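Residue numbers 12 to 235, in the numbering used here, belong to the letters of the sequence shown in order.
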Amino acid sequence: MIKALIFDVNETLLDIGAMRAGLASVLDGNETLVDLWFANLLHHSLVDIASSQFHDFIDIGAAALVMVAYSKGISLTQDKAKETIKKHITSLPAHDDVTDTLKALKHQNITLVALSNSSSSGLDAQLSYADIKKYFDLTLSVENIRTYKPFPSVYHWACRQANVTPREAMMVAAHGWDVSGAKAAGMQTMFVERPGKMMYPLGLPADYSVKALGDLIETVFPPL
12 MIKALIFDVN
22 ETLLDIGAMR
32 AGLASVLDGN
42 ETLVDLWFAN
52 LLHHSLVDIA
62 SSQFHDFIDI
72 GAAALVMVAY
82 SKGISLTQDK
92 AKETIKKHIT
102 SLPAHDDVTD
112 TLKALKHQNI
122 TLVALSNSSS
132 SGLDAQLSYA
142 DIKKYFDLTL
152 SVENIRTYKP
162 FPSVYHWACR
172 QANVTPREAM
182 MVAAHGWDVS
192 GAKAAGMQTM
202 FVERPGKMMY
212 PLGLPADYSV
222 KALGDLIETV
232 FPPL
């Protein structure tokens, strides 16, 4: 019995492809470097925790953007990088299948949670811009516990906030590392097959895998 659906936000619900041109503007117009930047952002958020630090997600993102620029011989300051990221990451549209899915889920007797590595203010701005904040019962930022996903303490904390056990919650994400982390924490899991995304081959397998978010409804709540 699933009592709570806990959604990752960036890429799972929001289309970060919309910020490619914005970030590429400080990378000599090279949009292919945006994926490298996002991978570096996630990598260094874990470096922060492993070295007993915690910086704001946008600050880490800015540092990662400076590093990517440097690797390509591009000069970029931390302040300029932060300004660029903040401008574009808070104005991402929802994927086409998100609004209708969340709207349909509101008719189910289930708690809907948004769980993000973004800051509280950043998460609020993102969900508000995409006009989907109203569908969530809880919006949770990891800055409240100063630990990033996929550390197990994040998922356990999110489940406590939703007043469910891990087995009563399902993590929904387009990131294999997020799915694997949630599975290790005892949650049920669903991988959303966004374009170019696949499960980590060495990670813990998802309980379910769907090609579109809307497929979640019939998978989790099959018709009687």
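Note that CB positions come from ideal geometry on N, CA and C, so glycine has one too. Remember, it's a predicted structure, so these values are computed and weren't measured experimentally.
Problem set entry | Nearest-angstrom beta carbon gap, L227 and M201 [assumed within contact, 8 Å] | Counting from one through the sequence shown, the residue named residue 201 turns up at place 190. Counting from one through the sequence shown, the residue named residue 227 turns up at place 216. Indeed, because the Cβ distance is near 6 Å, the residues count as touching under 8 Å.
Problem set entry | L224 vs V124 beta-carbon contact at 7 Å | Along the sequence shown, one-based indexing puts residue 224 at 213. Along the sequence shown, one-based indexing puts residue 124 at 113. For L224 and V124, no; Cβs fall outside 7 Å.
Problem set entry | Own chain partners of A101 with C-beta closer than 8 Å, once the 5 adjacent residues on each side are dropped | Locating residue 101 in the sequence shown gives position 90, counting from the first residue. Before going further, note that residue 101 is Thr rather than Ala in the sequence given. These residues qualify, in order along the chain: G133, A136, Q137, Y140.
Exercise. Does the beta-carbon distance from T95 to V165 come in below 7 Å?
Worked result: The count along the sequence shown starts at 1 and reaches residue 95 at position 84. The count along the sequence shown starts at 1 and reaches residue 165 at position 154. Not a contact, by the Cβ cut-off of 7 Å.
Exercise. Relative to the alpha-carbon of V175, which residue among K144, L215, I121 has its alpha-carbon at the smallest distance?
Worked result: Mapped onto the sequence shown, residue 175 falls at position 164. Ranked by Cα distance from V175, the first of K144, L215, I121 is I121.
Exercise. Given that a residue counts as buried once 16 or more other Cβ atoms are within 10 Å of its Cβ, and exposed if not, what is N51?
Worked result: Locating residue 51 in the sequence shown gives position 40, where the first residue counts as 1. Result: buried.
Exercise. Which of the three DSSP states, helix, strand or coil, is assigned to A217?
Worked result: Against the sequence shown, residue 217 aligns to sequence position 206. A217 falls in the coil class under three-state DSSP.
Problem set entry | DSSP three-state assignment for A180, whether helix, strand or coil | Numbered from 1 along the sequence shown, position 169 holds the residue referred to as residue 180. In the structure shown, A180 falls within a strand segment according to DSSP collapsed to helix, strand and coil.
Exercise. Quick one: complete alpha helix (DSSP H) runs, 4+ long, within the region 48-117?
Worked result: Restricted to the region 48-117, the alpha helix (DSSP H) segments that are unbroken, complete and at least 4 residues in length are 68-82, 89-100, 109-116, listed in chain order.
Problem set entry | Buried or exposed by the 16-neighbour rule on C-beta atoms within 10 Å, applied to S191 | Your numbering for residue 191 matches position 180 in the sequence shown. Per the 10 Å Cβ criterion, buried.
Exercise. Where DSSP assigns a beta bridge to T122, which residues make up the other side?
Worked result: Start at 1 with the first residue of the sequence shown, and residue 122 comes out as number 111. A15, per the DSSP bridge assignment.
Exercise. In whole angstroms, what separates the C-alpha of P161 from that of T150?
Worked result: To locate residue 161, count along the sequence shown from 1; it is residue 150. To locate residue 150, count along the sequence shown from 1; it is residue 139. The straight-line gap from Cα to Cα measures roughly 17 Å.
Problem set entry | Range of the contiguous alpha helix (DSSP H) that encloses T230 | Translated into positions along the sequence shown, residue 230 becomes position 219. Its alpha helix (DSSP H) spans residues 226-231.
For this session: Taking only the alpha-carbon atoms, compute the straight-line gap between K97 and G197 and give it to the nearest angstrom.
Result: The residue labelled residue 97 in the question sits at position 86 within the sequence shown. The residue labelled residue 197 in the question sits at position 186 within the sequence shown. Cα to Cα, K97 sits roughly 34 Å from G197.
Exercise. Does DSSP classify V45 as helix, strand or coil?
Worked result: The count along the sequence shown starts at 1 and reaches residue 45 at position 34. Three-state DSSP puts V45 in a helix.
Exercise. Considering only C-alpha positions, which residue in the set S130, F147, A180 is nearest to L113?
Worked result: Taking the sequence shown and counting its residues from 1, the one referred to as residue 113 is at position 102. The option with the nearest alpha carbon to L113 is F147.
Exercise. How about I71 and S86: do their beta carbons lie closer than 7 Å?
Worked result: On the sequence shown, residue 71 is found 60 positions in, with the first residue counted as 1. On the sequence shown, residue 86 is found 75 positions in, with the first residue counted as 1. At least 7 Å separates the beta-carbon of I71 from that of S86.
For this session: Tell me whether S131 sits in a helix, a strand or coil according to DSSP, three-state version.
Result: Counting from one through the sequence shown, the residue named residue 131 turns up at place 120. Helix at S131.
Problem set entry | Member of D46, A115, K93, D19 whose CA lies at the smallest distance from the CA of F232 | Here residue 232 is taken as the residue at index 221 of the sequence shown, counted from 1. Nearest of D46, A115, K93, D19 to F232, Cα basis: A115.
Exercise. For the candidate residues Y159, L24, A73, D19, whose alpha-carbon lies nearest to that of S62?
Worked result: Taking the sequence shown and counting its residues from 1, the one referred to as residue 62 is at position 51. The option with the nearest alpha carbon to S62 is Y159.
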